[in-house]
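Going by UniProt numbering, the sequence shown opens with residue 1, and the numbers climb by one from there.
Accompanying notes for the structure given below.
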Amino acid sequence: MPTEEQKLCYESFFTFALMWTLGGAVADDKIVNHRRAFNATLRSMARGVKLPEFGECFDFRFDVAAKDWVHWETSVKKYEPVTEVLYQNIIISNVELERMKHLLDLHVKRQKPMLLVGVAGTGKTTIVKDYLAEVKVNSEMNSASINLNSYTTSAALQGIIVGCLEKRSGHTFGPPGHRRRILFVDDLNMPYVDSYDTQSAIMLLTQVLSYGQVYDRERLDEKKTIVDLLFTACMNPKAGSFMINGRLQRRFTVATTYAPGIQLISGIYTKVLGRHLEAFGQQTQRTTEPIVNATAEVLASIQNSASFLPSAEKFHYQFNLKDISNLFQGLLSTNSSVFRDAGGPTRFLRVWLHECQRVFSDRLVLESDAKELQAMIEKAVSKCFVGVGAASNREELFQQPLCCTSFISEASGERQYLPARDLQQIRQAVE
1 MPTEEQKLCY ESFFTFALMW TLGGAVADDK IVNHRRAFNA TLRSMARGVK
51 LPEFGECFDF RFDVAAKDWV HWETSVKKYE PVTEVLYQNI IISNVELERM
101 KHLLDLHVKR QKPMLLVGVA GTGKTTIVKD YLAEVKVNSE MNSASINLNS
151 YTTSAALQGI IVGCLEKRSG HTFGPPGHRR RILFVDDLNM PYVDSYDTQS
201 AIMLLTQVLS YGQVYDRERL DEKKTIVDLL FTACMNPKAG SFMINGRLQR
251 RFTVATTYAP GIQLISGIYT KVLGRHLEAF GQQTQRTTEP IVNATAEVLA
301 SIQNSASFLP SAEKFHYQFN LKDISNLFQG LLSTNSSVFR DAGGPTRFLR
351 VWLHECQRVF SDRLVLESDA KELQAMIEKA VSKCFVGVGA ASNREELFQQ
401 PLCCTSFISE ASGERQYLPA RDLQQIRQAV E
């Protein structure tokens with residue numbers, strides 16, 4: 001490799017390491033976009049590095065073969081639906097997923113622990129589990145998972161850790177078969193904080209990461225040395241103890257997982273819903289993007305409204321990507337045979353409205369909140385369904401009662417999730 005190309009590669013490697021070591025841990029804040037601020041700072045200080053002018057520095061990785069920075073979009077895999085997989089196990093490749101998996105892979109190969117930090121619904125656990133599934137298939141390394149909670153003590157955690165090891169020689173213990181193992185610790189900051197302001201499970205984990213040893217609890221003069229065990233973890237900074245002991249945190253490379261934006265949400269669910277609607281007829285298929293965009297619009301409106309912030313009275317007002325997942329699970333329960341006629345698109349939009357009510361509105365405790373949500377939904381329909389014939393008749397679209405169920409179709413011999421005509425039809429099915 002020529003000297004100039006070597007210099008380019010080394011500078012780019014250093015820049016990539018710098019951006020993720022320092023900038024990867026910046027907080028996800030609604031008020032201040034810290035990533036954007038870090039991007040501006042890095043670009044002003046590293047003017048000799050030929051980063052693409054568009055987008056943020058985090059959107060790119062350095063490709064050694066191309067000797068250039070390429071967008072993470074090039075790493076996204078094509079969606080191939082698998083009918084045998086349960087809905088909750090469907091994982092759609094996207095920029096954030098592939099980006100964080102790449103960082104995980106770099107750390108695993110160098111035996112360095114990594115900690116993903118993010119609020120609920122940012123995909124922390126999904127990212128790690130998807131990576132571990134690939135590792136299990138493609139290498140001699142295996143994995144195990146631990147979910148911590150407020151009742152997890154140091155003794156319980158030590159029992160889990162030692163339980164997945166076998167004696168190698170003397171006082172040395174490691175994973176079975178002389179293989180390496182990744183131990184995924186989820187909800188790292190959940191253990192109970194005792195009267196001494198410590199978390200015993202956290203301190204045990206600190207000891208293992210710092211010294212690679214634990215004491216035998218029955219024979220305190222004996223130590224067990226642990227080898228070939230690598231840790232990776234996730235935590236929610238708005239739950240549990242909110243933070244972890246600094247002695248443990250310094251052992252991890254910390255990276256923030258951000259709440260997905262409208263563009264990412266649209267990219268994921270357009271693929272899923274679009275494939276599901278392929279057998280529904282062209283008119284119903286045309287509602288795919290408007291439905292996805294309207295759903296993202298409703299969620300964004302909820303998250304930006306002061307009425308839907310958690311409080312002592314509304315402590316359960318937590319709206320995130322999981323709610324969108326639940327909403328689309330209802331849409332994917334539909335069967336094409338009910339929506340192929342001329343009225344199919346309108347009926348399918350009514351199913352979407354019903355799912356919005358069940359997922360979002362059923363959680364609300366005040367009538368004023370329910371009215372505000374209804375206004376948000378109507379605004380999203382007006383904004384996102386422009387030119388969609390199925391949404392032109394607003395009176396028919398929002399007609400009450402709005403109820404979808406699968407048991408009214410049992411008379412035909414096949415359970416189908418569809419809107420009920422009226423309450424009388426539901427009453428007859430129940431009786």
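Ideal Cβ placement from N, Cα and C applies to all residues, glycine included.
Does the Cβ of residue i lie closer than 8 Å to at least one heavy atom of the ligand MN?
i: R179; result: In the structure on display, the ligand MN does not appear, and there are no ligands present to speak of.
To the nearest angstrom, how far is the alpha carbon of residue i from that of residue j?
i: V95; j: F54; result: 16 Å
i: A370; j: I302; result: 11 Å
i: L104; j: F62; result: 16 Å
i: E73; j: Q263; result: 13 Å
i: L42; j: T3; result: 25 Å
i: S368; j: A296; result: 22 Å
i: G387; j: A380; result: 14 Å
i: D187; j: N147; result: 6 Å
i: A259; j: G118; result: 8 Å
i: D68; j: P52; result: 9 Å
i: A239; j: E396; result: 43 Å
i: P237; j: D194; result: 19 Å
i: R217; j: K223; result: 9 Å
i: A133; j: D341; result: 42 Å
i: N39; j: V26; result: 11 Å
Quick one, which of the options has its alpha-carbon nearest residue i's?
i: P191; options: M243, G170, S210 and L183; result: M243
i: S154; options: R110, E222 and Y215; result: Y215
i: P290; options: A201, F348, D341 and C234; result: F348
i: Y269; options: V227, N326, L220 and A279; result: N326
i: S337; options: I324, Y417 and K271; result: Y417
i: A65; options: K78, G121, Q6 and K109; result: Q6
i: Y151; options: N393, K223, N189 and L273; result: N189
i: I377; options: P401, R350, G387 and C403; result: R350
i: N33; options: K50, K109 and G261; result: G261
i: Q357; options: Y79, L299, W69 and R427; result: L299
i: G281; options: Q318, G343, T232 and A17; result: G343
i: G48; options: C9, F319 and D341; result: C9
i: A144; options: K167, K50, L115 and V185; result: V185
Please work out which residues of its chain come closer than 6 Å, Cβ to Cβ, to residue i, disregarding the five sequence neighbours upstream and downstream, and give them in chain order.
i: E372; result: S307
i: P81; result: R275
i: G24; result: A255
i: R363; result: none
i: L157; result: A201 and L204
Which residues mark the beginning and the end of the alpha helix (DSSP H) in which residue i is found?
i: L327; result: L321 to L331
i: R99; result: V95 to K109
i: N39; result: H34 to M45
i: C384; result: E367 to C384
i: T287; result: Careful: T287 lies outside any alpha helix (DSSP H) and carries neither H nor E.
i: K223; result: Not the alpha helix (DSSP H): K223 falls in the beta strand (DSSP E), residues K223 to I226.
i: C9; result: T3 to L22
i: Q213; result: Unbroken run through Q213 is the beta strand (DSSP E), Q213 to Y215; no alpha helix (DSSP H).
i: E344; result: Just to set this straight, residue 344 is Gly in the shown sequence, not Glu. G344 -> alpha helix (DSSP H) spans G344 to V359.
i: T270; result: I262 to H276
Classify residue i as buried or exposed, calling it buried when 16 or more other Cβ atoms lie within 10 Å of its own Cβ.
i: G267; result: buried
i: H178; result: exposed
i: F14; result: exposed
i: N293; result: buried
i: E355; result: buried
i: Q283; result: buried
i: Q213; result: exposed
i: V135; result: buried
i: Q111; result: exposed
i: Q88; result: exposed
i: Q199; result: buried
i: R99; result: buried
i: K124; result: buried
i: Q428; result: exposed
i: V128; result: buried
i: K101; result: buried
i: D323; result: buried
In the DSSP assignment, the beta strand (DSSP E) including residue i goes from what residue to what residue?
i: W69; result: D68 to H71
i: A306; result: Segment: none, A306 is in no beta strand (DSSP E) and carries neither H nor E.
i: V185; result: R181 to D186
i: G55; result: Neither: G55 is in no beta strand (DSSP E) and is coded neither H nor E.
i: A145; result: Note that residue 145 is Ser in the sequence shown, not Ala. It spans N142 to N147 - the beta strand (DSSP E) in which S145 sits, taken as one unbroken run.
i: E166; result: E166 to S169
i: A233; result: L229 to M235
i: L116; result: M114 to V117
i: A255; result: T253 to T256
i: R61; result: F60 to D63
In chain order, what residues of the same chain lie with their CB nearer than 8 Å to the CB of residue i, ignoring the 5 residues before and after it?
i: E313; result: V365
i: L423; result: P401 and C403
i: L332; result: Y87, V272, L273 and H276
i: L309; result: Y317
For residue i, which residues of its own chain have a beta-carbon under 7 Å away from its beta-carbon, when the five flanking residues on both sides are left out?
i: T172; result: T225 and V227
i: R247; result: T206
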